[in-house]
Each structure stands twice: as C-alpha cells, then as structure tokens.
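Counting with numbering that gives the first Met the number 0, you get residues 0 to 121 for the letters of the sequence shown.
We put the beta carbon where it would ideally sit given N, CA and C, even for glycine.
These numbers come from a predicted model, not from an experiment.
See below for the structure under consideration.
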Amino acid sequence: MEKLAKRALLVDFYGPLLTDKQRNVWDLHYQQDLSLTEIAEVENISRQAIHDLLKRTERILTEYEDKLGLVQRFWTEREKLLEVQSVLEELKEEDFSCQEAYERHLKIRMMIEDVFVKISAI
C-alpha cells in the first residue's frame, strides 16, 4: 500500500485516539499540505517540534495498527468484497431456476455494491 494512502487510513481509523494538537498538525501537514515551517508559524512552536510531533504521531498510529490491526482487516475484507462483487457480476438471469431467485440475486448485488461504494470512499 502506498505510504500516503496508509497514513490516510491510519488517521481515518485511529485519528480519534490522537490529541487535538496531534490531529491538527497532522491535518495541516498531510491534508492541507502545509510545510513544517508554515505549521510552526501557525502553532507558534519550532519547526523541529513540528517534525518531532509528526514522527511521534505516525509512530503512535502505527503502534495502534500493530496492536489492533483495523486497517489490515479493512483491506482484507475489502478484497473479499471485491471477489464477491466480481462473482455476482458474472451471474446472468438464465443461471437462476426462477425469476424470484434472480430478483433476490439482484437485490443482494445492489446491497453489496452499496457497501462497496461506501468503503471505497474511505
């Protein structure tokens, strides 16, 4: 997984566990693309302090993931869902013994696609 995408997922899953200052500095740097110098000016602390805070925050997020594994579980379940979606897309109306079964299949397919759209936005 790309490092930036991994950081984004880590903060999506574990961001609420960070302090307000950690979340704010993380957001300024990684979401709003401010430099360390710019953030230091906003926060009235040194550039080095911002650097240290970001490194410490990334370490904290990584430790949460190492202990809880929510991001890895998310990716594993997402891959399973992609497989299910692919199988469902291959089914045709003639694969079903009756119209009711085909309609149930379409309903299930729509529900899974809805879930996939929601998790893809994460």
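Do residue i and residue j have their C-beta atoms closer together than 8 angstroms?
i: residue 16; j: residue 63; result: yes
i: residue 80; j: residue 111; result: yes
i: residue 13; j: residue 60; result: yes
i: residue 52; j: residue 21; result: yes
i: residue 115; j: residue 84; result: yes
i: residue 27; j: residue 38; result: yes
Starting from residue i, trace the alpha helix (DSSP H) both ways and give me its first and last residue.
i: residue 101; result: 98-119
i: residue 38; result: 35-42
i: residue 80; result: 69-89
i: residue 13; result: 2-13
i: residue 19; result: 19-25
Where does residue i land, buried or exposed, given buried means 16+ other C-beta within 10 angstroms?
i: residue 107; result: exposed
i: residue 123; result: Because the chain is modelled from 0 through 121, residue 123 falls outside the range shown and cannot be assessed.
i: residue 67; result: exposed
i: residue 49; result: buried
Assuming residue i contacts residue j under a Cβ cut-off of 8 angstroms, what Cβ separation, rounded to an integer in Å, is found between them?
i: residue 10; j: residue 25; result: 6 angstroms
i: residue 46; j: residue 36; result: 5 angstroms
i: residue 88; j: residue 101; result: Actually they are not in contact, since the Cβ atoms of residue 88 and residue 101 sit about 14 angstroms apart, beyond 8 angstroms.
i: residue 161; j: residue 118; result: Because the chain spans 0 through 121 in this model, residue 161 falls outside it and cannot be assessed.
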